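Using UniProt numbering, the first residue of the sequence shown is number 1, and each one after it goes up by one. We treat Cβ as the ideally placed atom computed from N, Cα and C, and that holds for glycine. None of these values were measured; they are calculated from a predicted model. First comes the structure, then the notes that go with it.
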Amino acid sequence: MNETESFGIAIIGLTGRFPGAANIEAFWQLLKNGQEAVTTFTNEELFAAGVDPDLFNHPNYVKAGTVISDVDKFDAGFFEMSSRDAEIADPQQRLLMESAWLALEQAGYPPATTEGRIGLYAGVGENHYLRHYLEPHRTELAATVGEYRLSILNDKDFLATHIAYKLNLTGPAVTVQTACSTSLVAVHIACQSLLNFECDMALAGGVSIFLPQHQGYLYQDGMILSPDGHCRAFDAQAQGTVFGSGVGVVLLKRLDEALRDGDTIHGVILGSAINNDGADKIGYTAPSVRGQTDVILEAQGAADIHPDEISYVEAHGTGTPLGDPIEIQALTQAFQVNTQRTGYCAIGSVKTNMGHADAAAGIAGLIKTVLALKHGQIPPSLHFHQPNPQIDFANSPFFVNQQLQDWQVAENTRRCAGVSSFGIGGTNAHVIMAEAPTIEPSSSSRPVQLMTVSAKTATALDPATENLAHWLQQHPDSSLADVAYTLNRGRQPFAYRRTFVCKNSTEAVKRLTQPDLPYHHLTTETDPEIVFLFPGQGSQYLNMTGGLYQTEPVFQEALDHCSTLLQPHLGQDIRHLLYSDDKQDEQHGVQLKQTGLTQPILFAVEYALATLWMAWGIQPKAMLGHSIGEYVAACLAGVFSLEDGLTLIAARGKLIQSLPSGAMLGVKLSEEALQDWLTPDLSLAVVNGVERCVVSGSHEAITTLQQKLELQGIDCRNLETSHGFHSHLMEPILAPFAQQIQQIPLHPPTIPYLSNVTGTWIAPEQATNPDYWVRHLRQTVRFRDNLQALFQQETNIVLEVGPGQTLFTLTQQHPDKPCQLTPLYSLPRRRVTENHAEIQQILSTLGQLWTRGVAVNWEEFYGDEKGHRLPLPTYPFERQKYWIKSTQSITQKLPETVNHSVVKPTGSQIKTISLTDTQPRLSSLEQEIAEIWSQYLGIAEIATDTDFFEVGGDSLLATQLVAGLRTQFQVDLDAHSLLKAPTVAQLATLISNHKTQPENLPSLPDLVVEIQEGNPKQKPLILMHPVGGHVYFYRELVRHLDSELPVYGIRAQGVEGEAEPLRNLTEMAQVYTAALQVVQPHGPYYLGGASFGGTLAFAMAQQLIYQGETVDFLALIDTPSPGNMPTDLDETGDILFYLLTVGNRVEIDHQIFQAWDEQQQLDFYLKHIVETRMTPEELQTMLKLFKANLRAMRNYEPPSYPGKLHFFLAKERDKYNAQTPANGWINLAEQGIEIYGIPGNHITMNQEPHVQQLATYLQQCLR
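Written out as structure tokens, the structure is:
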């Protein structure tokens, strides 16, 4: 790299959406194939877009324009924008926001995980959305969202800063506006910002969307637009251009740093310049030869490049009779300052492909040139046949490139190009570019790779996974190590996560494409608490960690250090013993069983393994060791230094080795039951579990005990061990061991860990007392108690750090293990050391930690390894339509063949209903119903079979809609009518039957709701209402149950304010049971309910059993149990704050909200859930019921249940709901409890897609 190139700017990310090209790959195909992305519209399309027929039938009306697909769609959830904000935001701002994110992600630098400052320089075209779509509704919008919010989301001034806020960019954020040259000027300023070290990376680009899209224009002679919809740059027939649209963004970085960091470099900016024409031209809008000449020369000077090196120029090229000759004249004058060569430099204009994209025109030309440099081909410039007679190409360096050609350059010569963009008003920009330099190959890597994929939603995770698989299939020769490096270091981790380990791309594709690939969903941003578990003697085996020693430098360094420290004590190098070759296996296997060697080797291995985990960012909040494992925990906690710890453990091993051998027997009895079997020559050595104990003694004593136990049919087995540890057999060495430890400085622990001696947390005075360590050598290892104490803490993950899975298994089998606790292990379950089994297992565990929210230190994980960031597939946005329809309609011009009806919305609704001619006409009754739907939902199109719940309806809107229907039609509809009649047509039938055949309607008690009719020969499933009182909640669940299964719901008394809520569970059970028995007088009964509904079902089951009835099935869906209740929500303010922040994601400071009086809180709530149209009276009714049900649940003391419980547990826990909701039910279920884990949290487990799993399990249980 020469001195000038050291100031080069690398383009490390680029993205764009242009007419006919939804991404950069499609854009290149369009360019190289010489395709024109200008669309010719039919009269029908123009009419549908709102163009007056008088206009489009005018002889000068050009029925041509460009279209970018899906500009009305946006992933509001990804950018944490409300639906209303997304709907009123300038679509140009939305597109640029998405493109900025994609450019960062494509380069491998998502802002949340990128150190350094990222700047943003961008501009935007005229806001046609504001003019055509928002202004007609200005009054309504100002009243509902406010003028200030409208301004922020639509004004150019806020473009860069709002995107910087949403993406958390901390470098300069500057909106650039220079008309047509905006985006190339933005690139220049971004380069200068980088060269001045104002930021570490910079986004630059622009966006312009011409709206409405499906329309042409009125040609006017002498203006910029062409008479036929084609742009013929430099051609004799050129008469202008066509309106274009587009968005493009590049990510820039200083070249030397991009090379250092292994970035993908798409091209290099060698230099750039901007200036203004001033008054040296015939008019303000006219171009200037001198201005353009000067800016090109200045850019060449900044790049320190000779014009002979430039073999392509992407021109401004608007195809106007005035502009084209001036541009070629200016280019010729600039080049001929230093060269007299002619006809050697190709020239072209992207405007011939896609028209003039205004503020995005410059970035479109730049991206085209980057792609040409990258692919080594120059795309054709379209519609050129004869040169403009005012252009003297013959005496210029230039020729128009008319067909795709390979970009030929001399050997050892780089491809270089210039890009021009000139703005109306005179601000000119020119950029000099070169192809990317050759980069150094990646360094060697691990033999297997950890792959991670994540998304913000479960529905986005699958396409993200599929896109990665497709990319790997399309790039089979790509480095899998670089792919993994990019995924791990170059992607922002989101809540829905997948991970796996593979050795090559073929295996990766196979894993990515397997059906039902598991994933994990994080429900909190709090870092999980991890506890390290260190196993004791007996878990060791020959060649353990040999694979890690070969591949992990951190592990190797730590073990080497331990080996060096141990050599004076052991007289040999533990590495020679541990990592044996085949010839020495038998001899070294025998030595490894000698306690004098086993204990220090095990200590060293576990210490080195813990060092590796901590280097990777896996930091323990606490630790628990088993026997000698406690020494490793104490060392890491700082009780003694590594050197002293190894000295101590070596002395301990030698002293034990000096004793006569002994034996140990594992016995399947509880500690209490085992006491009767112990004799003076036997000691209780270990209590591992409820019925998992170990006895130590002499060989004779253990043999006698084993024979006695086997005669009684009690399971027991001999353990492979050299001595009877933790027993009276250790007493001869206690005094010499005490002398040894008294010589070692002991310090209070800095990390909490558990004591094997006491069974609870170590106290500083114990850890620093030599007598404690003497007792530890002799006394029982109380591991079961250790786990019990550990479970009292809010621990998320326990990780076994050592060989084997003994402690993992003991944790899994402990009856009190919290459901949210995840045990993991470090090394393979079987003692496998070949075929990279160890590195595969530890990476798999690291992946599991990552999926559970542990922040991995990827920088340390890769260490000195040099990887490359690859342009892997970017985030699969889940775009939805956010668009306000223009009321500038042409209803009076519609043909008579179209059935067009408009329902006038009320309140803040500003949408219209249109019934197209492809839909059946509505009856008068259906039309009335449709009008009421519009008032509540504001949907754009209604068909007779449109499902209320699939277009945004929820339980609250459903009850309000039913209330509106009652008033409108004077019929007594049940509040849950929409469960059976969710469409306009079905509602019309139901209302008609109420009016004409009321006697034929099915009669049910007021509190009973039929959710699914099913087969009347089958016994029904009865679902009890959750805390809100309605049973609409179960609609999605029932959709996935067997259609033959009848399902009824019991709604709450008082849910509509028709009566006072019931106050306690006993009263509720009596009232609801009576209502149920009208429908089903006798059992067997199948009952269930979600959350509070489960408690109700439990109470009703007790009531029915008391009556002598049979309850064959009782389902509790994440129902909190006694002692495991959700967060207290007794006060109005607490309930409203919960509903606002959790239910509606409204951002409000808790202290501010609680400082308001109750009326202010109520008013705030109603204002911020305006879309539900809830009245103050309805809100008070809801709050009254909410409070009554919560208090009833808290005050209920459930008796034991004589049957079996089926508990459906949400796998994801949050701070509001109980962490272990099933625990309190376990002891109450006399016939046991079956627990089924369901993806999702307390709420989302009942919603798509997780509810499908819930329904599957529920159906299986019912069968």
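Chain-order list of residues whose beta-carbon lies under 7 Å from that of residue i (same chain, five-residue window excluded)
i	result
ALA495	LYS456, HIS521 and LEU522
VAL409	SER311 and ARG415
SER977	VAL962 and LEU990
ILE424	ALA179, CYS180 and THR285
residue 1293	The shown model of the chain, from 1 to 1263, leaves out residue 1293, and the question about it has no answer.
SER288	ASP277, ASP280, LYS281 and GLY426
GLN1259	LEU1041 and ASP1042
LEU870	THR264, SER478, ASP482, VAL483 and THR486
residue 1268	One cannot answer for residue 1268 here, as it falls past the ends of the chain, which runs 1 to 1263.
residue 1272	Outside the modelled stretch of the chain, which goes from 1 to 1263, sits residue 1272, for which no answer is possible.
Cβ shell of residue i (< 6 Å), same chain only, five flanking positions each side left out
i	result
HIS814	LEU787
GLU1109	GLY1083
VAL1251	GLU1036 and LEU1037
ARG94	PHE74
GLU1171	Caution is warranted here: a pLDDT of 47 is assigned to GLU1171, below 50, making its placement in the model unreliable, and the coordinate value is therefore given only provisionally. Taken in chain order, the list of residues that qualify is empty.
GLY907	Residue confidence for GLY907 is low, a pLDDT of 31 falling below 50, so the modelled location carries little weight; the figure read from the coordinates is stated next. Same-chain partners within the cutoff: there are none.
ILE1117	ALA1090, GLY1094 and PHE1208
Residues that residue i bridges to, as DSSP identifies them
i	result
HIS1150	Beta-bridge pairing links HIS1150 to no other residue.
residue 1296	This structure does not reach residue 1296, given that the chain is present from 1 up to 1263, and the question cannot be answered.
ASN718	LEU665
CYS693	VAL667 and VAL687
GLY1088	LEU1023 and ALA1115
PHE808	Paired residues: none, contrary to the question.
ARG17	VAL247
PRO736	Paired residues: none, contrary to the question.
SER307	In the sequence under discussion, the amino acid at residue 307 is Pro, which differs from the Ser named in the question. Answer is none; PRO307 lacks a bridge partner.
MET451	PHE500
LEU754	LEU624 and TRP761
LYS73	LYS881
Check whether residue i and residue j have beta carbons under 8 Å apart
i	j	result
ASN412	ILE378	no
GLY319	LYS351	yes
LYS881	ASP72	yes
LEU103	THR15	Before going on, a small fix: residue 103 reads as Ala here, not Leu. Yes, the Cβ-Cβ distance between ALA103 and THR15 is below 8 Å.
GLU1060	GLN1018	no
ALA100	ILE163	yes
GLU860	TRP616	yes
ALA464	GLY362	no
GLY246	PRO476	no
Proximal residues to residue i (C-beta, below 8 Å), its chain only, five neighbours per side dropped
i	result
PHE791	HIS814, ASP816, LYS817, PRO818 and LEU821
TYR749	A quick correction: the sequence has Pro, not Tyr, at residue 749. Taken in chain order, the residues that qualify are ALA634, ALA637, GLY638, VAL639, ILE762, PRO764 and ALA767.
GLU606	PHE534, PRO535, GLY629, VAL632, VAL801 and GLY802
PRO1016	PRO1046
Residue i CB to nearest heavy atom of the ligand PLP below 7 Å
i	result
SER420	As far as ligands go, the structure on display features none, and thus does not contain the ligand PLP.
Mind listing, in chain order, the continuous alpha helix (DSSP H) runs of no fewer than 4 residues lying wholly within the stretch 1175 to 1248? 1176 to 1195 and 1223 to 1226
Restricting to runs no shorter than 3 residues, where is the beta strand (DSSP E) found entirely within the stretch 200 to 270? 201 to 208 and 246 to 254
Touching by the beta-carbon criterion (3+ pairs, under 8 Å), the stretch 622 to 637 and the stretch 555 to 562: no
May I have a chain-ordered list of the beta strand (DSSP E) segments no shorter than 3 residues that lie completely inside the stretch 98 to 174? 118 to 124
Three-pair Cβ contact test at 8 Å for the stretch 117 to 125 versus the stretch 204 to 218: yes
Would you say the stretch 362 to 376 touches the stretch 249 to 268, given that touching needs at least three Cβ pairs under 8 Å? yes
At 4 residues or longer, what runs of the alpha helix (DSSP H) sit wholly inside the stretch 548 to 631? 553 to 570, 574 to 578, 585 to 592 and 595 to 615
Is it true that the stretch 42 to 61 meets the stretch 212 to 219, where meeting means three or more beta-carbon pairs spaced less than 8 Å apart? yes
Pairs of beta-carbons, one from the stretch 653 to 670 and one from the stretch 592 to 600, closer than 8 Å: are there three or more? yes
Is there contact here, the stretch 148 to 157 with the stretch 186 to 206, by at least three beta-carbon pairs under 8 Å? no
Does the stretch 441 to 452 come close enough to the stretch 296 to 316 to have 3 or more Cβ pairs within less than 8 Å? no
Does the stretch 240 to 250 come close enough to the stretch 389 to 408 that 3 or more CB-CB pairs lie under 8 Å? no
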